[in-house]
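Asker:
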Amino acid sequence: MERSADYKASGGKLVRIRLTEEAGHIRSVRITGDFFLIPEESVGKLEKMLEDTPLREQEIRLLVNRFYSATQAQGAGVTPDDFVKALLATREV
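So this is what it looks like as C-alpha coordinates:
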(Lines of atoms letter the chains of each structure in order from A and count residues from 1; the text may use other names and numbers.)
(Lines give C-alpha, C1' and ligand atoms only; values in the text may rest on other atoms or scores of the structure.)
Protein backbone atom coordinates (compact mmCIF):
# COMPACT_ATOMS: atom_id res chain seq x y z
CA MET A 1 0.00 0.00 0.00
CA GLU A 2 1.30 3.42 -0.96
CA ARG A 3 1.25 5.94 1.88
CA SER A 4 2.29 9.57 2.13
CA ALA A 5 2.31 12.47 4.55
CA ASP A 6 3.52 16.05 4.71
CA TYR A 7 4.66 17.00 8.20
CA LYS A 8 5.58 20.51 9.36
CA ALA A 9 8.44 20.26 11.86
CA SER A 10 8.54 22.47 14.94
CA GLY A 11 11.39 24.42 13.30
CA GLY A 12 9.04 25.27 10.42
CA LYS A 13 10.58 22.87 7.91
CA LEU A 14 8.56 20.47 5.76
CA VAL A 15 9.25 16.73 5.92
CA ARG A 16 7.53 14.84 3.11
CA ILE A 17 7.28 11.05 3.34
CA ARG A 18 6.32 8.67 0.55
CA LEU A 19 6.46 4.99 1.43
CA THR A 20 5.28 1.56 0.43
CA GLU A 21 3.92 -0.57 3.26
CA GLU A 22 3.46 -4.31 3.08
CA ALA A 23 2.22 -6.47 5.95
CA GLY A 24 2.79 -3.63 8.42
CA HIS A 25 6.43 -3.07 7.36
CA ILE A 26 8.07 -0.28 5.39
CA ARG A 27 9.23 -1.79 2.09
CA SER A 28 10.56 1.41 0.56
CA VAL A 29 10.60 5.04 1.63
CA ARG A 30 11.47 8.41 0.12
CA ILE A 31 12.09 11.39 2.42
CA THR A 32 12.12 14.89 0.93
CA GLY A 33 11.32 18.41 2.07
CA ASP A 34 12.87 21.80 2.67
CA PHE A 35 15.13 20.68 5.51
CA PHE A 36 18.88 20.07 5.49
CA LEU A 37 20.60 17.02 6.92
CA ILE A 38 24.38 16.94 7.07
CA PRO A 39 26.29 15.02 5.83
CA GLU A 40 24.42 15.20 2.53
CA GLU A 41 24.11 11.43 2.09
CA SER A 42 22.38 11.07 5.47
CA VAL A 43 18.84 11.07 4.07
CA GLY A 44 19.65 8.17 1.74
CA LYS A 45 21.19 6.22 4.61
CA LEU A 46 18.11 6.78 6.77
CA GLU A 47 15.83 5.67 3.93
CA LYS A 48 17.85 2.47 3.51
CA MET A 49 17.82 1.75 7.26
CA LEU A 50 14.03 2.13 7.37
CA GLU A 51 13.44 -0.63 4.80
CA ASP A 52 11.73 -3.67 6.38
CA THR A 53 11.07 -1.79 9.64
CA PRO A 54 7.62 -2.26 11.21
CA LEU A 55 5.47 0.86 10.80
CA ARG A 56 5.12 1.22 14.57
CA GLU A 57 6.28 4.06 16.78
CA GLN A 58 8.62 2.11 19.07
CA GLU A 59 10.56 0.46 16.24
CA ILE A 60 10.76 3.64 14.16
CA ARG A 61 11.89 5.74 17.14
CA LEU A 62 14.62 3.23 18.02
CA LEU A 63 15.85 3.10 14.43
CA VAL A 64 15.88 6.89 13.92
CA ASN A 65 17.74 7.40 17.21
CA ARG A 66 20.22 4.66 16.26
CA PHE A 67 20.70 6.35 12.87
CA TYR A 68 21.48 9.73 14.47
CA SER A 69 23.92 8.14 16.93
CA ALA A 70 25.71 6.05 14.30
CA THR A 71 26.03 8.76 11.63
CA GLN A 72 26.44 11.90 13.74
CA ALA A 73 23.89 13.49 11.38
CA GLN A 74 23.00 17.12 12.01
CA GLY A 75 19.63 18.55 11.01
CA ALA A 76 18.81 22.16 10.24
CA GLY A 77 15.23 22.79 11.32
CA VAL A 78 14.44 19.11 11.98
CA THR A 79 14.97 16.73 14.87
CA PRO A 80 14.88 12.93 15.15
CA ASP A 81 11.40 13.28 16.65
CA ASP A 82 10.22 15.17 13.54
CA PHE A 83 11.21 12.22 11.33
CA VAL A 84 9.40 9.80 13.65
CA LYS A 85 6.24 11.92 13.62
CA ALA A 86 6.38 12.34 9.84
CA LEU A 87 6.71 8.60 9.29
CA LEU A 88 3.86 7.84 11.70
CA ALA A 89 1.67 10.45 10.00
CA THR A 90 1.55 8.19 6.93
CA ARG A 91 -0.68 5.83 8.94
CA GLU A 92 -3.29 8.57 9.43
CA VAL A 93 -3.87 9.42 5.76
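Each number in the working numbering comes from the position in the sequence shown (counting from 1) with 10 added on. Note that CB positions come from ideal geometry on N, CA and C, so glycine has one too.
#1: Mind reading off the beta-carbon distance from residue 24 to residue 43? Whole number of angstroms is fine, and I expect it under 8 Å.
#2: Of the choices 79, 33 and 38, whose alpha-carbon is the least far from that of residue 97?
#3: What separation, rounded to the nearest whole angstrom, lies between the Cα atoms of residue 61 and residue 80?
#4: DSSP three-state call for residue 26: helix, strand or coil?
#5: Under the rule that 16 or more other beta-carbon atoms within 10 Å means buried, what is residue 83, buried or exposed?
Answerer: The relevant details are as follows:
#1: 4 Å
#2: 38
#3: 17 Å
#4: strand
#5: buried
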